[in-house]
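The block underneath contains the structure these notes are about, expressed in C-alpha cells.
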Amino acid sequence: MKIILNNPTKAIFKRELKNYFHTPIGYVFLIIFLFAQGYITFEPGKGSFFLLRQADLRPFFFTIPWMFILFVPAISMRLWAEERRSGTIELLLTLPVSVIDAVLGKFLAAWIFLIISLLLTFPMIITVFYLGSPDLVVIILGYIGASLVAGVMLSIGCFFSSLSKNQVISFIFTSVFSYFMLMAGSPPVLEFLSSFLPTFFVELIENLSIMNHYESMQLGVLRLSDLLFFVFMILGWLLATFLMLQEKKTE
Amino acid sequence: MIEINALYKSFGHLLAVNNLEFKVDKGEVLGLLGPNGAGKSTTMRMITGLINPDSGSIFVNGLDMRNSPREIKSIIGYVPENAPSYGEMSVREFLHFCAEVRGMGITKAKNEIAEKIEKIAESCSLQLVLDQIIETLSKGYRRRVSLAQALIHDPPILILDEPTDGLDPNQKHEIRTLIKKIASDKCIIISTHILEEVEAVCSRVIIISLGKLLFNGTPTEFRNKSATGRMDDVFRAITTEEVVEGVNLL
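In order, the protein sequences belong to chains D and L. Quick note on my numbering: the first sequence kicks off at 934 and runs consecutively. Quick note on my numbering: the second sequence kicks off at 565 and runs consecutively.
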C-alpha cells in the first residue's frame, strides 16, 4: 500500500478513516451492524444457524450481502455529497491533489472501515470453532468475498454520492442499484429478462450479478474470473466517479 | 506572477468569464470587484485550478495551468467563498491535514508541521481555539481558520474570495491588518464587495461585470473618477453604465 499511494492520497485516507471514530457515525454503524448481523445469522427461521445444525458460517455469509444493501450506502452516501454540500470540495480539490487521489483516498478509507466492521464479527468464528471443526479456508475465503462485495457496493455508492449534494438520493440510488446487481443472476429476473431480451444480453446481465461471483467464494472456491470481476467492477465505478467529479466539481 | 490571457468560461448559456486578461505581480494586492454573478469566483476557481477554462491561458509563476496544475496548486493558498472547512475536526487536526496533503513533514523533521501550526496560529490569533472543534467556533474564527489553512505552507500567491464577508468591523480590521502584514513579499488577489476595503489593502483594482474587464487601475485612480470622491458612485457608473452624477469615466 505504501508504494502505490502518494502523500495526498495517504493524508486523505488518514483523515477519512479517523473521521469514522471522531464522529458518532462509526460507532453507531458498528454497533447496529454487528447487532443486526448477529441477529440475522442466529435468527430462528428457515436457514438459520441453529436449524442447519452445522458448525459453519454459511448463514452468516449468505445474509451479509443483504445487510450490505442497507449498511454500505449509509457509509458511502456522505463521501462526496457532504463535500459538495459544505463546499469543502472546493478546498480539497484546490490543494495539490488530483481528483484520482481524492477518489482513491476516500474509497480506501471507507472500504477499510467496512472491512474492520466485518472483522469485528470474529466472535462468530470463535463460536463455530467451539461447536465443531469448520474449514478455515472456507471461512477466510468467505470473508474475502464479503469484503469484495462491500467494495463493489461502496464503489457504486461513491459514484452516486458524487452525483449530487443530496445524501438521501445517493443512499436510495446506491441501495436500489446494489439490489439489482445482487439479484441480476437470480432465475426470476433472468426469466423475466429473457422474455424480451436477446440471449447474449441476458447472459451478459447474468455475468454482472454480484451474487453469482460471490457464491463460489462462499463455498470455498477461488476463481480468477471471480476475483477479476470484483476488481474490474470496483475500478469501473471509481473511474465513473472520477469522470463525474472531473466534469462537475462545483454545481 | 499570475498572467491571464483571453480567458473564457461559460456554464450552459451563461457566459461567466468573457475574454478576461490581467496580470498580477509580486508585492501587489489586487482587488477584484464586481456585482454578484460578475464572474469573480469563477475567475478565482480557474486560477486555483478547480475548474478549467473553455479557452485562454493561465500562467502562474511561469507555469502553464494546462501542464502543471499540481505544481501551481502547491504554491497557491486559497480561501474559497464562505471559507469552508471540515467542521468535525479540531483546528489543529484540520491544519495538520492541510499541511500533510501539501507534503509537509515527510522529508524534514516530524515536528515540522506542529511547529508550523503553532506559528500560523499565532499570526492568525488562533492559539486559544487550536483544540476546539471547528463547528463550534464563531464565524470570525472560522474565517481565520481558513486563512491559516491558506498560509500554512507560506505560499507566494494568496487568493481570497470575500475574506471579510459577514464579519464584524473588528474582525474585518484584523483580517485586513493580517493581509497588509504579509503582503510585501506575496502576490495577493482579493475579491470583495466592500469598497473601503479596496482602499485599505489593495494596490490595484480590477472591476469585472458579466465576465468582462471594465476597469484596471489604482484605488486612487478609481476614486478620482468621481468629483466627490465617492467610490460607490464610480462602481455603479462602471458596472451599470448608468449616468451617475459627479462621475466622469473618460
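The beta-carbon is built from N, C-alpha and C at its ideal position, and this holds for glycine as well.
- Annotated as distal: T782(L) and R800(L), with beta-carbon spacing of 8 Å or more.
- Put simply, of E726(L), I723(L), G704(L), G595(L) the residue whose alpha carbon is nearest the alpha carbon of D732(L) is G704(L).
- Short of 6 Å from the beta carbon of L1047(D), and not among the five residues preceding or following it, lie these beta carbons of its own chain, in chain order: A1083.
- For I1008(D), no CB of chain L lies under 8 Å from its own CB, so it is not counted at the interface with that chain.
- A Cβ-Cβ distance of about 17 Å is found for the pair K1182(D) and L1037(D), leaving them out of contact under the 8 Å criterion.
- In the DSSP assignment, L1012(D) falls within the alpha helix (DSSP H) that extends over 1011 to 1019.
- With a threshold of 8 Å between beta carbons, K736(L) makes no contact with chain D.
- Put simply, the CB of I568(L) is far from chain D, with every gap to its CB atoms at 8 Å or more.
- Assigned with DSSP and collapsed to three states, A580(L) falls in strand.
- Only R609, T612, G613, L614, I615 from the region 597 to 616 of chain L bring a Cβ to less than 8 Å from some Cβ of chain D.
- Annotation: S638(L) to P1121(D) spans about 55 Å, alpha carbon to alpha carbon.
- Within chain L, the residues whose beta carbon sits less than 7 Å from that of K1182(D) are L614, I615, listed in sequence order.
- Around the beta carbon of F1133(D), a 10 Å sphere encloses fewer than 16 other beta carbons of the protein chains shown; the residue is thus reported as exposed.
- The C-alpha of L1069(D) lies about 38 Å from the C-alpha of W1013(D).
- Interface flag for I1033(D) against chain L is unset, since no Cβ pair is found closer than 8 Å.
- For K776(L), there is no enclosing alpha helix (DSSP H); the enclosing beta strand (DSSP E) has its first and last residue at 776 to 781.
- Secondary structure note for F623(L): its beta strand (DSSP E) is the uninterrupted segment 619 to 624.
- Annotated three-state conformation of R948(D) is helix, per DSSP.
- When rounded, the separation of the alpha-carbon atoms in I973(D) and T996(D) is 7 Å.
- Within the region 1124 to 1144 of chain D, not one residue has a Cβ closer than 8 Å to any Cβ of chain L.
- One Cα belongs to I1073(D), the other to A988(D), and the distance between them is close to 15 Å.
- The C-beta of L1028(D) comes closer than 8 Å to at least one C-beta of chain L.
- By the C-beta criterion, the region 1018 to 1035 of chain D is judged not to be in contact with the region 1108 to 1123 of chain D, since fewer than 3 inter-stretch pairs fall below 8 Å.
- Using a Cβ distance threshold of 8 Å, I771(L) and L584(L) do not count as a contacting pair.
- Using a Cβ-Cβ distance cut-off of 8 Å, the region 708 to 727 of chain L and the region 739 to 759 of chain L are in contact, since at least three pairs of beta carbons, one from each stretch, lie closer than that value.
- The straight-line gap separating the alpha-carbon atoms of D695(L) and A1117(D) is approximately 50 Å.
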